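Quick notes on the structure that follows.
Protein chains: 2
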Amino acid sequence: MIRFYNGLVLTMQGEIKPEEAEVWVDGDKIAFVGVPTAQQLENAVFERQTDLGGDLIMPSLKNAHTHSAMTFLRSFADGLPLHEWLTQQIFPMEAKLDDERIYWFTKLAILEYLSSGCTAALDMYFYLDSYVSACTESGFRCIMCSADSGDANALTAIEDAYVKYNKPDRPFVKYIPGLHAEYTCSKELIEGIGALARKYRTPTSAHNSETASEVAGCIERYGMTPTQLLESVGAFDFGGVQYHCVHLSQQDIDIFKRRGITAVHCPASNLKLASGIADIKAMHNAGINVALGTDGPASNNALDMFREMYLMSVLQNIKYNDAAAFDALDVLKAATVGGAKAMYLDDCDVIAEGKQADLIVIDLHKPNMQPINNIPKNIVYSGGKSNVRLTMCAGKVLYENGEYVIGEQPEKIFANAQRLVDEMK
Amino acid sequence: MIRFYNGLVLTMQGEIKPEEAEVWVDGDKIAFVGVPTAQQLENAVFERQTDLGGDLIMPSLKNAHTHSAMTFLRSFADGLPLHEWLTQQIFPMEAKLDDERIYWFTKLAILEYLSSGCTAALDMYFYLDSYVSACTESGFRCIMCSADSGDANALTAIEDAYVKYNKPDRPFVKYIPGLHAEYTCSKELIEGIGALARKYRTPTSAHNSETASEVAGCIERYGMTPTQLLESVGAFDFGGVQYHCVHLSQQDIDIFKRRGITAVHCPASNLKLASGIADIKAMHNAGINVALGTDGPASNNALDMFREMYLMSVLQNIKYNDAAAFDALDVLKAATVGGAKAMYLDDCDVIAEGKQADLIVIDLHKPNMQPINNIPKNIVYSGGKSNVRLTMCAGKVLYENGEYVIGEQPEKIFANAQRLVDEMK
C-alpha cells in the first residue's frame, strides 16, 4: 500500500472542508481515509510512505471537454478572425493528421494534464486508436466521444466505435457516441444518434449552443434550439453531456435538468473565441450537473484546469455584476465531482474508501497559497499548476515534483511533437 | 560578470522576436547582448555561466498596481457583497495593521512576485518604512504611491513622503505622490495634489474610474469625470499613472494621451469585483501607455502577472466580440516596457546594453510551451509561473528553480505571516 500522512484531506464529500487525515492506497483503489489507530498502522504493509508535510490531498481534476491532440496548433495563427483562422489555417493543417501525429500530440497534452493535476479528459477528436494508445500507455484515463459530422453515413463508424471502445475488461477506455454539433450534421445523422441512444440505452454528447449564431441557425433550420432538437430525436433519453452551453434558453435548461444532462463549461475558450459567458449560476441553481473543460489548445491555449476554475468563478461575477456571484466550493465540485459525473466515472469522483485512487497533492507551501485563511478559495482564486506536487491515477503516481512516470521522458515527446508539426507546416 | 548563453533572447525592442544571443550582466547592468566573437569571449571574466539550454531570456515583468501587504486578506471572507466585505471584514482587519505586520505580509507578496517573474511593483499602502525595508532587504524594487484620502491635512504627509523617499542615492526606492481616489478625498486635498505636482514638477497617481458609480458620483459632485477633475487642478501637468481606468470617456482618453498618463489595467481585480472590462484596445490605439497590475491580493487573489497578461488578451476579445481583438505582443509590452514606464523606471524596460539587469529566464521545456510555433503567444496565452526558471533584479539572482535568494527562507516568512494574521482575527 501507499500511505499519505501528516497532511490535510479534502474529500469533496459531505461538508467539504480540509481535515487532518491519512489516505492509504491499495492497488488502484483508496483503501483507507481517516486517522488510523495504532493497531491499524501496525497491521498495514506500506511499499511507500509519503509525508505530506501539511500539504493537501484531494480528488484529481477532470477535464470534461477537450481536443487533446490539437496541441500542435498551439499559438499557430492565433489572432486571425475565426472564419479565416478555421478555413485558412486549422482545416488545412488538420487534413495532414495521421496516427503517428495524433499519438505524439496527445502525449504532449497528457504531460500538461498531469502537471496541472488532471487524470482524465473527455476527448473529441480523430484517429481514436492512437489516442487510446497514447493515454493507456501513459496511465491516463481515455474517455472519448464522437467528433463526427456530415451525413448519416457517419453512423456506422459511430456505432462501431461505441461497440469497440466500451469493453468491461478495459475500464480505462470509454466512448460516448454523439455528434460534433447540430450545425455540422445532417438531419438524418442527428436522428440516427437518437436511434443509437435508444438502441444501446446510452448517453450521447455534442457541442451545444457555443455561439449565438449557431442557435439562431438551428432555430431557422428546425424551428427549435439545438437542445430541443436533440431531445426531440431521443438523443437525451439516457442522459448525456453537452459542451459549451453558452446560449441556452430557460427551456433548454429545463430539458437539461429533466434529462440529467451535464453542461460542460469551457470559459477560457469561450473568452478567446468571443463566444460569450455561459450562465453557470442559472444552471447550477436549476440543479444541473456542471463540469469544466479546457476545450482544445487551439482555442485556449493552455490545458490547465486551474485556469478554468479561476475563470468559472470570476466570469460569473462580471456576468451578474456581483462580487459574490458563485461559490468557490461549487467551482471545485465542478472540476472534480462534476467532471467525473460527466464522464460516467462514478468511482473516480471523491476521496473515499473503495473509490479509484485518482488524486492529487496540492503544495500549500508556496506563496500563492499563504496565509491559510481558506484552502478551497486559495485553490480556486490563486492556485495553479505550480501547486501540484503529485498526480496519481488509479493508484499509480504519474507525476511528482516536476518529474513524469509515464514511460517516456518529456524531452522525447517534445522532440517528436516539434518534428511532426514542422513537417506539417 | 554573469553569462547567459545557448538560449534565445526577447529584448522587447525593435521587431520583438526571439533571437539566438547571449546576455552578459556586469554588476547591476546588462553589459552585452548578442553573439560574441571569440576574442570577446576570451577577454571576458565570468563568475557564473548559465547554459540556457534553449530557454528564453526576456525583461522581467513589472506590476504597475498593487497593495502588496494585503496578502493577509487572501481568501479572507471572499464571497460577500462588496460593501459588506469592505465595511465588515476588510476595514476592521486593516485597522489592526502595524509595522511588523506590513513587513511580513509584504515579504510574502515578494516571494510570489519573484516566483512569477516580477521584479518591481507600484505599491499603494501604508507603513511605508516597513514596505521599504521588506523590499530593499529582498533586493526587490520599491516603488510606492500615496494611498491617502480624507481632507487636506493629508497633504503634509504626502509631501513629506515625496521628499523622504525620492533620494538620488537610493535608486531602488521611489515615491509618486497622489490620491487614493477622487471619491475618498476632499476637494481641498485634490486641489492640493495639483499644487504639489506643480511645486515639484512631479507626476501623480490615483485610482481612477474603477467603477461606473464612482464616475457618476464624481460628475454629480463636480460636473466632471475624475480624469477631467484631476487635469483641471493640475495633477496631470507633469504626467502620471492612473489605476483601473475601466470607465473612461473618449474625452478622458484624449486627456490621458495629451498629458502622457499611463493607464494601469487590472483585469483580474476588475472581473472579481465585477467592475467591468476596461477598453484597453481604445487606449492602445490612441497611443496611451498601458501597463498591467494585479491589484491587491484581497481583490485578485493571486499576484501573478501571467494571469493578468492572459486576461488582458482574452477580455478584449469578449469585449469586442472579435477573436483577434488584441495582439499578444502588445500584451507582453504592457507587462514589461509599459510597466517600467508607469513606474518611471526608464532603465529597467528592455534587454539592452547599459540597461538595468532586471530579467527573467522562461523555461520553454514545459508542456504548456510546446510545440514552439510562436513564443510570445505561448507566453501570453499559455504561460505561467511554472515557466519562470530564474528572476534577476539589478543583476542579482533572487529566484532560481524554485529557490529564493532574498535573505530569508519562505518557511520563515510563511510562519510569521500566518502567526500575525491569526493574531488579527
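Going down the list, the protein sequences come from chains A and E.
Residues in the first sequence are numbered consecutively from 0, following numbering that gives the first Met the number 0.
Residues in the second sequence are numbered consecutively from 0, following numbering that gives the first Met the number 0.
A virtual CB, placed ideally from N, CA and C, is assigned to each residue, including glycine.
Just so you know, these numbers come straight off a predicted model, no measurement behind them.
- For the region 315 to 336 of chain A, residues whose beta-carbon sits nearer than 8 Å to a beta-carbon of chain E comprise 316, 317, 319, 320, 321, 322, 323, 324, 326 and 327.
- At a cut-off of 8 Å between beta carbons, residue 243 of chain A makes no contact with chain E.
- Residue burial annotation: residue 375 of chain A is buried, with at least 16 other C-beta atoms found within 10 angstroms of its C-beta.
- Residue pairing from DSSP places residue 55 of chain A in a beta bridge opposite A:7 and A:361.
- Look at the region 58 to 73 of chain A: the residues with a C-beta under 9 Å from a C-beta of chain E are 70, 71, 72 and 73.
- With fewer than 16 other CB atoms across the displayed protein chains lying within 10 angstroms of its CB, residue 187 of chain E is exposed.
- With the criterion set as a beta carbon lying under 7 Å from some beta carbon of chain A, the members of the region 375 to 394 of chain E are 376, 377, 380, 381, 383, 384 and 385, in sequence order.
- Look at residue 91 of chain A: its C-beta is not under 8 Å from any C-beta on chain E.
- For the set A:302, A:293 and A:201, the Cα lying nearest the Cα of residue 258 of chain A is the one of A:201.
- At the C-beta level, residue 264 of chain E and residue 311 of chain E come within 8 Å of one another.
- In the three-state reduction of the DSSP assignment, residue 342 of chain A falls in the coil class.
- Against chain A, the beta carbon of residue 255 of chain E has no neighbour under 9 Å; the closest one sits roughly 24 Å away.
- Of the other Cβ atoms in all chains shown, 16 or more fall within 10 Å of the Cβ of residue 2 of chain E; this residue is therefore buried.
- By the Cβ neighbour-count rule, residue 303 of chain E is buried, with 16 or more other Cβ atoms within 10 Å of its own.
- Inter-residue distance for residue 37 of chain A and residue 26 of chain A is about 23 Å (C-alpha atoms, whole angstroms).
- Note on geometry: alpha-carbon atoms of residue 40 of chain A and residue 388 of chain A lie some 25 Å from one another.
- At a C-beta separation below 9 Å, residue 111 of chain A has these neighbours in chain E: 365, 366, 367, 369 and 381.
- Buried is the label assigned to residue 24 of chain E, since at least 16 other Cβ atoms lie within 10 Å of its Cβ.
- Excluding five sequence positions before and after residue 113 of chain A, the CB atoms of its chain that fall closer than 6 Å to its own CB belong to 390, 397 and 398, given in chain order.
- If you look at residue 50 of chain E, you'll find it in the beta strand (DSSP E) that goes 47 to 50.
- Assignment of residue 173 of chain E by DSSP, reduced to helix, strand and coil, places it in the strand class.
- Boundaries of the beta strand (DSSP E) harbouring residue 33 of chain A: 28 to 33, taken from the DSSP string.
- DSSP places residue 79 of chain E outside any beta strand (DSSP E), giving it a letter other than H or E.
- Sequence-distant partners of residue 110 of chain A (beyond 5 residues in either direction) whose C-beta falls short of 7 Å from its own C-beta, in its chain, are 403, 409 and 412.
- For residue 309 of chain E, no beta strand (DSSP E) run applies; the uninterrupted alpha helix (DSSP H) run containing it begins and ends at 304 to 319, by DSSP.
- What residue 417 of chain A touches in chain E, judged by beta-carbon distance under 9 Å, is 369, 370 and 371, going in chain order.
- Residue 402 of chain E sits in a strand when the DSSP states are folded into three classes.
- Using a Cβ-Cβ cut-off of 8 Å, residue 153 of chain E does not count as an interface residue toward chain A, since no Cβ of chain A sits closer than that to its own.
- Nearest in C-alpha terms to residue 43 of chain A, of all of A:368, A:53, A:378 and A:22, is A:22.
- For the region 252 to 285 of chain A, the set of positions with a beta-carbon nearer than 9 Å to some beta-carbon of chain E reads 267, 269, 270, 271, 272, 273, 274, 275 and 276 in chain order.
- In terms of Cβ geometry, residue 48 of chain E and residue 102 of chain E do not form a close pair [threshold 8 Å].
- Just so you know, the alpha carbons of residue 35 of chain E and residue 141 of chain E end up roughly 34 Å apart.
- Below the 7 Å Cβ cutoff, chain E contributes no neighbours of residue 288 of chain A, its closest Cβ being approximately 22 Å away.
- For the options A:295, A:163, A:282 and A:339, the alpha carbon positioned closest to that of residue 67 of chain A is the one of A:295.
- Taking CB atoms only, residue 5 of chain E has no neighbour in chain A less than 8 Å away.
- Note that the C-beta distance between residue 334 of chain A and residue 61 of chain A is below 8 Å.
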